[in-house]
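For the sequence shown, the numbering used here gives the first residue as 17, with consecutive numbering after it. Don't be surprised by glycine CBs; every beta carbon is placed ideally from N, CA and C. Predicted model only: the values in this text are computed from it and were never measured. The structure appears right after this line, and notes come after that.
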Amino acid sequence: MKDLATFLELFPEEVLAKAIDLGFPEEALRAYYGVNLFSWLHSRLEKDPRKFSDLPKAFREFLSPHFDDGPFTEVRHITASDGAKKYAFRCKDGAWIESVYIPAGKRRTVCLSTQVGCRWGCRFCYTGKMGFVRNLSTAEILEQAYEIIRREGKITHLVYMGMGEPLDNYEAVLRSIRMLNHPKGQNIGIRRMTISTVGIIPAIERLMAERLQVNLAVSLHSALPEVRAELVPAERAYPLKRLVPLLQRYYALTHRQITFEYVVIPDVNDDMRSARALARLVRGWDCKINLIPQNIPSASSRERKDIKQRTHSFYRRLLSLGITKVTIRFSRALDVGGACGLLGSKMVAGPP
Ligand code: SF4
């Protein structure tokens, strides 16, 4: 059995136990083997154990038959007119997943997928239309970032905002966060990582117990429960009246400001009543709102202009209600289907 994926998912101390499991003599192992192997895989991003030059030849030869090229059989990418790139990876079971690389000045962000499909079916989301297929493994999550780093160079920020609900794949996502943060790996600060969620309450409670300073971005899209339930079906399972107090506790504990993502959908969630409800929800505590003009791939330029104008009007409504921590976020990679809600729309990848 090929074990690159397995080794990639192991912290240095776990590597040794795995090597013993696979038959390497325990008395010949040294603690530094685990640290060095981790560093080759996660910092230098080398997949061929024959090149792990600071490990003894006997250990490298032992490892070789257990390694292959990683969890993907094909990598494609397409560059958007704004310089962002959408990447598509074919997994060993044939499933395609997508990530987005977003350069902006010194900031280099990668948006990662965590599942094939998603069970939540948010109304404006292409991934949601696929239904849930499966969770990604830790290796599949990590290698999206690593394949992009191999091609684009170091990255500074990570957002778990691609295909899937990250908190439905809790173990693999948390393991990938800790590995990407590891000083012997990419050493990306946890405060530079963001998990985007519809608000899975038990998972957020669990995350609080981890005491990690990871940022949370919550897909809100309406502060009116009946409207939100139409847009984000998770509202029925995890209603705002329970979610918001929990997020306030998350903020108090981690001091990481919560971001509410709000896709502005004309005539659905951009009226004055919606603005008032949103103002009530955010007033009096430290959180911010990202307004995102709805992305409709088939929209004409006139329709796009109209959506932008409606987003600006909604923004002004919020300002008039005294809400100032609000920004309009124009999606990147829109023309290649890499923008919010468009991953899985098969503009790069997918079965023919
Ligand atoms: S927006 Fe997120 S949670 Fe909702 S269907 Fe899409 S991937 Fe799933």
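Of the residues assessed, L269 falls on the exposed side of the cut-off, its CB having fewer than 16 other CB atoms within 10 angstroms. Within the same chain, Cβ atoms closer than 8 Å to the Cβ of S153 are found at A21, E25, P87 and A188, the five residues on either side in sequence being excluded. When rounded, the separation of the alpha-carbon atoms in F27 and R208 is 21 Å. If you look at E251, you'll find it in the alpha helix (DSSP H) that goes A250 to A253. Scanning the stretch 198-243 for uninterrupted beta strand (DSSP E) segments of 3 residues or longer gives 209-213 and 231-235, listed from N- to C-terminal end.
When the alpha-carbon of L174 is set against those of F23, I94, S129 and N151, the nearest one is in S129. Here the distance from the Cβ of C138 to the nearest heavy atom of ligand 1 is below 6 Å. Assigned with DSSP and collapsed to three states, G50 falls in helix. Between ligand 1 and G144, a heavy atom-to-CB distance of less than 6 Å is present. Between N151 and the set T89, T172, I113 and E246, the nearest pair of CA atoms involves I113.
Excluding the 5 residues flanking it on each side, T343 has same chain C-beta neighbours closer than 8 Å at K304, I305, N306 and L307, in chain order.
The secondary-structure analysis by DSSP pairs H82 with nothing; it has no beta-bridge partner. Non-local beta-carbon contacts of F330 in its own chain, meaning distances under 6 Å to residues more than five positions away in sequence, involve V280 and D286 in chain order.
In the structure shown, T340 adopts coil according to DSSP, grouped into three states.
Between R292 and L259 a beta carbon distance of about 19 Å is seen, past the 8 Å cut, so the two are scored as non-contacting.
With contacts defined by Cβ atoms closer than 7 Å, S212 and M177 form a contacting pair.
Within the same chain, Cβ atoms closer than 7 Å to the Cβ of S59 are found at K200, G201 and Q202, the five residues on either side in sequence being excluded.
In the three-state reduction of the DSSP assignment, G144 falls in the helix class, which pools H, G and I. Cβ-Cβ separation between E42 and I36: approximately 5 Å, consistent with a contact (criterion under 8 Å).
Around the CB of M146, 16 or more other CB atoms lie within 10 Å, so the residue is classed as buried.
Nearest to E62 by alpha-carbon distance, out of I204, R166 and Y103, is R166. Looking from the CA of R345, the closest CA among Q310, S314, R333 and K321 belongs to Q310. Its chain contains M288 and A291 as the residues whose beta carbon lies nearer than 7 Å to that of R333, once the 5 sequence neighbours on both sides are disregarded; these appear in chain order. Just measuring C-alpha positions, the residue of V116, R106, C107 and H82 sitting nearest T95 is V116. For V189, the shortest separation between its Cβ and any heavy atom of ligand 1 does not lie below 6 Å.
Counting along the chain, I157 sits inside no beta strand (DSSP E); it lies in the alpha helix (DSSP H) bounded by residues T154 to E168. N231 places its beta carbon less than 7 Å from that of R272.
Per the DSSP secondary-structure output, C127 pairs in a beta bridge with V116 and V175.
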